[in-house]
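Everything on this sheet refers to the single structure shown next.
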Amino acid sequence: MKPIEIYTSPLCGFCHSAKRLLKQKGVSFSEINVLAQPKRKQEMMKRANGRHTVPQIFIGKTHVGGCDDLYDLHNDGKLDALLAD
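In structure tokens:
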């Protein structure tokens, strides 16, 4: 399984939704709380090509984007392939 990183905030409903989908898929992920670790937000923005909203999701070296992007991949049947080794 590829490593999954998700930049989040505990106040963000989209973050909770994205994490819920990943948990339903049975995959583990590293969560980076940008509210608790504000210095990591600059890192997120650099990795996400300037996007500043959470969540920002990375699967392996692929920047998926936010919650809607993750669900689009899932609904299009492309998420499982991206998660696979």
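Counting the sequence shown from 1 gives a position; my numbering is that position plus 48. Built from N, CA and C at the ideal position, the CB exists for glycine as well.
For H122, there is no enclosing beta strand (DSSP E); the enclosing alpha helix (DSSP H) covers residues 115 to 123.
According to the DSSP secondary-structure assignment, N81 is paired through a beta bridge with T56. For M92, the enclosing alpha helix (DSSP H) stretches over residues 87 to 95. Its chain contains C63, A66, K67, L70, F77, S78, E79, I80, P103, Q104, I105, F106 as the residues whose beta carbon lies nearer than 8 Å to that of I54, once the 5 sequence neighbours on both sides are disregarded; these appear in chain order.
Shown here for A96: same chain residues with a beta carbon closer than 7 Å to its own, the five before and five after excluded, namely Q104, H111 in chain order. With a contact defined as Cβ atoms closer than 8 Å, K50 and G108 qualify at about 4 Å. For S65, the enclosing alpha helix (DSSP H) begins and ends at 61 to 72.
Annotation for L130: I107, T110, L121 place their beta carbon closer than 7 Å to its own, counting only its chain and skipping 5 residues before and after.
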